[in-house]
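For the sequence shown, the residue numbers in mature numbering (1 follows the signal peptide of the UniProt record, and there is no 0) are -19 to -1, 1 to 500. Glycine is no exception: its CB is placed at the ideal position from the N, C-alpha and C atoms. Shown next, in structure tokens, is the structure this report addresses.
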Amino acid sequence: MMFLKCVCLFLAIVKSGLGSAGDIIYTCRSDKYSCGNGICITADKVCNGVIDCSNGIDEFLCGEITSSAAISSEKGSTNDVAVEKKTADNIDEANTSQTNQTRENEQINPIGGCDLPPKLEHGTYFVSESSKVPHGQGYSYLHVSITCAPGYGTVGSNIAYCFKGTWIIQMPKCTRLCKLKRHNSVEYKCILTGNNQGYRFCEGYEPHGTQVEPICRAPNYYSPTGLKLMTCIDGSWNYVATCVPECGKVTPQGEKLILDGWSAKHGDHPWHVGIYRKTENPYVQICGGTLVTQGTVISAAHCFWNDQEKIEPAENYALGVGKIYWAWNHLNDQFGQKSDVKQIIISSLFYGAATNFVNDISLLIVERAFEYKPYVRPICLDFDSAFEKFQLQNGKLGKIAGWGLTEKNGNASPVLKVTQLPYFNIETCLKTITPSFKEYITNDKFCAGYSNGTTICKGDSGGGLAFLEFDRSVERHYLRGIASTAPSNEDLCNPFAITSFTRINSHEQFIKTNILYDE
């Protein structure tokens, strides 16, 4: 004849020894009840006659309840569920001391089937309200809290609960944790364990056995091979998922043809970079460039060179990507991103006009990394020689953008212009250009352009000539050349001239050595 009062504690779902004692990796809100397996339900669903937790814990203790549950999971609290049970003999509740003594005797004189281990590997456990409980004997009622050593955590609940000789929440094990170092290109969804289906938020550290479904952050990243599940195995992931930028892919917007070109719209040329000189107010656009990574722009070396002072200071320049309008602070450039130039890297073999502009290539390291968006994307780089040969064939059209002169003696275009220029091999080029320009066709150059009035002009130097190709049914543009030099005449722009481009593949090692790769 006794009345038995059972106090049950349901804490966080995953705990570890990282940081201070009792670090909670995730828990239920203060108005929720923890099922002990990663699922949270509202307090009114506890003991309502319907099993809402997949393990049935919300109804398991409710056979004969005489008072309602008090639930709390605020930080620092214990999410207590106080449930009063009465026996078949219906003893009066007032005999509290007898109840407590009887319960302690039950635990110290085991009669149930719940055994305590001699020790917990990589952690410790604490039996609530019963510091005298020996291990290795069967008990009827136990509430056990587990704390794992640093670098370890539990899979599922960090508590165990024995009721009437049965573990309704089993004793967990402390397993090695895997650090989830998040990559900007990937979203992570942790798969629920046990009988639960669905996903949960992934924490910074996940225990052994955790499976993560990685997903590329569309529309700016993709995986050419697909992503398999990541699995935490004894402190290490079986692999680390990463995605690659959607390079060379335009954002469809429609079209509306720099001299005799077409006006660009947002997304037509999302890798084009305007290079501005900061020594004038307002800033003045002086060259073009091409975004190849979040922190690197490729341009021409002569844009930052003078024969007296050699390379000019990086602090004199700023960059704008995703811009349509020529003016630095145009109000309608809502998709543009800007950064100062941190470093200008040019070939040690570049000497400007003294060597006919051979090695006319530069890498600009940005002060603040650009963020990939639908209107800000990198160009594709591919140094495979067979692929380059396939793309660079006589007459094949490459695409280039710029704010160059709209007339041979005119002003810069207020809106970005795009044009297509046909490629010429060296033999064809030398037959087409003027004799005085032949000395500028060095071994790292190729030619492109028309002699009918469509060309690139002052302000377009450094811009990238890109060629279209299909990659698994996706249209992508690959950078093949950098606008370098063109024959001069008395005008600011010669509309009947072929332009020379610095060949990207001729400077593969320079680019790979100095580029700032995306993390």
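Less than 6 Å between C-beta atoms, sequence neighbours within five positions excluded: which residues of the same chain meet that for residue i?
| i | result |
| --- | --- |
| Glu388 | Confidence at Glu388 is low in this model, with a pLDDT of 47, below 50, so its placement is unreliable and no value can be given for it. |
| Gln275 | Ala350, Phe351 and Asp499 |
| Phe448 | Gln372, Gly379, Tyr459 and Arg461 |
| His488 | Ile342 |
| Lys170 | Tyr180 and Glu194 |
| residue 501 | Past the edges of the chain, shown from -19 to 500, lies residue 501, and the structure says nothing about it. |
| Gln318 | Val302, Gly303, Phe351 and Val357 |
| Phe107 | Ser126 |
| Lys13 | Cys21 |
For residue i, which three-state DSSP category applies?
| i | result |
| --- | --- |
| Leu497 | coil |
| Thr483 | strand |
| Asn297 | helix |
| Cys410 | helix |
| Pro98 | coil |
| Gln324 | strand |
| His488 | helix |
| Thr271 | strand |
| Lys370 | helix |
| Glu352 | coil |
| Glu420 | helix |
| Lys13 | strand |
| Ala199 | coil |
| Ala334 | helix |
| Ala429 | strand |
| Lys170 | strand |
| Asp25 | helix |
| Cys284 | helix |
| Glu45 | Low local confidence applies: a pLDDT of 34 at Glu45 is under 50, so the model's placement there is unreliable, and no value is given. |
Could you tell me which residues DSSP puts in a beta bridge with residue i?
| i | result |
| --- | --- |
| residue 503 | The question about residue 503 has no answer, for the chain in this structure spans -19 to 500. |
| Gln266 | Tyr257 |
| His124 | Tyr142 |
| Gln289 | Its beta-bridge partners do not exist; DSSP assigns none. |
| Leu312 | DSSP, once it has assigned bridges, lists no residue as partnering Leu312. |
| Ala222 | Ala222 is not bridged to any residue. |
| Leu344 | Ile279 and Ile326 |
| Leu402 | Gly379 |
| Arg457 | Glu450 |
| Glu194 | Lys170 |
| Val396 | Tyr306 |
| Cys213 | Trp218 |
| Arg163 | DSSP lists no partner for Arg163. |
| Pro188 | Leu158 |
| residue 539 | The structure shown does not extend to residue 539, since the chain is modelled only from -19 through 500, so no value can be given for it. |
| Lys319 | Gly301 |
| Val108 | Val125 |
With residue i and residue j assumed to form a contact (beta carbons below 8 Å), what rounded beta-carbon distance in angstroms separates them?
| i | j | result |
| --- | --- | --- |
| Gly190 | Cys155 | Wrong, their Cβ atoms sit about 12 Å apart, outside the cutoff. |
| Tyr257 | Gly301 | 7 Å |
| Val125 | Ile149 | Not a contact, Cβ separation roughly 12 Å. |
| Ser465 | Lys426 | 7 Å |
| Lys145 | Ser121 | 6 Å |
| Gly134 | Tyr186 | 7 Å |
| Ala222 | Leu208 | 5 Å |
| Val399 | Ala382 | 5 Å |
| Trp218 | Gln266 | Wrong, their Cβ atoms sit about 46 Å apart, outside the cutoff. |
| Trp309 | Tyr264 | 4 Å |
| Thr271 | Ile360 | 5 Å |
| Asp273 | Leu362 | The question names Asp, but residue 273 in the sequence shown is Val. Confirmed, about 6 Å. |
| Gly137 | Arg157 | In fact, because the Cβ distance is near 15 Å, the residues do not count as touching under 8 Å. |
| Cys428 | Thr483 | Going by Cβ atoms, the distance from Cys428 to Thr483 rounds to 12 Å, so no, they are not a contact pair. |
| Cys224 | Ser166 | 4 Å |
Within a Cβ cutoff of 7 Å, which residues of the same chain sit near residue i, ignoring the five residues on either side of it in sequence?
| i | result |
| --- | --- |
| Leu210 | Gln192, Val193 and Glu194 |
| Leu101 | Ile127 and Cys155 |
| Leu497 | Thr274, Gly276, Thr277 and Ile346 |
| Gln178 | none |
| Lys323 | Ala295, Ile346, Val347 and Glu348 |
| Lys259 | Asn297, Tyr298 and Ala299 |
CB-CB under 8 Å to residue i, same chain, minus the five flanking residues each way: which ones, in chain order?
| i | result |
| --- | --- |
| His250 | Val231, Lys380, Ala382, Leu397 and Val399 |
| Gly440 | Gln266, Ile267, Cys268, Gly269, Gly383, Trp384, Gly385, Leu386 and Ala393 |
| Glu471 | The pLDDT assigned to Glu471 is 43, lower than 50, so where the model puts this residue is not dependable; a value taken from the coordinates is nonetheless given after this. Result list for Glu471: empty, nothing under 8 Å. |
Contact between the segment 322 to 333 and the segment 401 to 420 (3+ Cβ pairs under 8 Å): no
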